[in-house]
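Residue numbers (the numbering used here): 92 to 332.
To start, the structure itself, in structure tokens.
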């Protein structure tokens, strides 16, 4: 670490997959995902519950923006790698606007993208910098924050899903993928790994480019069905009763 720079700004390689920092964050996310809605349902009125959802959305939004500003400040910003174009960052930017007043029509899209996508970023993070670096903090505020947020909204407002919501969400993500692919071509980038990577990566286990893209699509669809199961089971129980 440099002697003349704050640890907050100094890049490091301290993050270890399933090390102390990673496990601590996972436990914190799980505890807040379960505990926050329980506490707010019991002790807070609807206006206070809404305020909490807005505060969470704003915090996530601020960190997506702040990350870019910090990179500019440090002279490290690279438009080919640092634009907030991955799905988690885009959701982070849109959540305060789409869900200022929690919306049952928007909720299914966010639920599937966060629970099927963002959850993977929690358990298999693409992260090198450890605490207290700003990249570490931003990564977990956004990814962990989105999971806590969407489960909070799901429980407090009791939004429901159906199978058609799953298919609509999956279809919409194809539009997103196409748009990001076009941006990649225009600026020579590889956001969401849609363009053939120049070096070996873990995606090569899923086959060569572009085969791994379709494999990832199948995995995403499977994960969407998995996170839909609690709702499907709940609907079946209601029919029986």
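Where a beta carbon is used, it is the ideal one built from N, C-alpha and C, also for glycine.
Once DSSP output is grouped into helix, strand and coil, what is the label at residue i?
i, result
"residue 251", "coil"
"residue 163", "helix"
"residue 283", "helix"
"residue 109", "coil"
"residue 170", "coil"
"residue 96", "coil"
"residue 305", "helix"
"residue 300", "coil"
"residue 131", "helix"
"residue 316", "helix"
"residue 102", "coil"
"residue 321", "helix"
Using 8 Å for Cβ pairs, my map puts residue i next to residue j. What's the rounded Cβ distance?
i, j, result
"residue 234", "residue 215", "Contact doesn't hold; Cβ gap of about 11 Å is too wide."
"residue 286", "residue 268", "With 8 Å as the limit, residue 286 and residue 268 do not qualify as a contact, their Cβ atoms being about 12 Å apart."
"residue 219", "residue 115", "The Cβ separation is near 17 Å, so there is no contact."
"residue 232", "residue 154", "5 Å"
"residue 225", "residue 99", "5 Å"
"residue 205", "residue 182", "7 Å"
"residue 317", "residue 240", "With a Cβ gap of about 20 Å, residue 317 and residue 240 do not count as contacting."
Within 10 Å of its beta-carbon, does residue i have 16 or more other beta-carbons around it, so buried, or fewer, so exposed?
i, result
"residue 42", "Residue 42 lies beyond the stretch modelled for the chain, which goes from 92 to 332, so this question has no answer here."
"residue 333", "The chain is shown from 92 up to 332; residue 333 falls before or after that span and cannot be answered."
"residue 236", "buried"
"residue 302", "exposed"
"residue 118", "exposed"
"residue 177", "buried"
"residue 108", "exposed"
"residue 152", "buried"
"residue 163", "exposed"
- Do the region 243 to 263 and the region 198 to 206 meet, that is, are 3 or more Cβ pairs less than 8 Å apart? yes
- If you pair each beta-carbon of the region 132 to 151 with each one of the region 241 to 248, do three or more pairs fall below 8 Å? yes
- Task: Entirely within the region 181 to 262 and at least 4 residues each: give me those alpha helix (DSSP H) ranges in chain order.
- Result: 198 to 204, 210 to 214, 225 to 248
- Three or more C-beta pairs closer than 8 Å, one from the region 125 to 135 and one from the region 176 to 196: is that the case here? no
- Any chance the region 157 to 171 sits against the region 273 to 281, with 3 or more Cβ pairs inside 8 Å? yes
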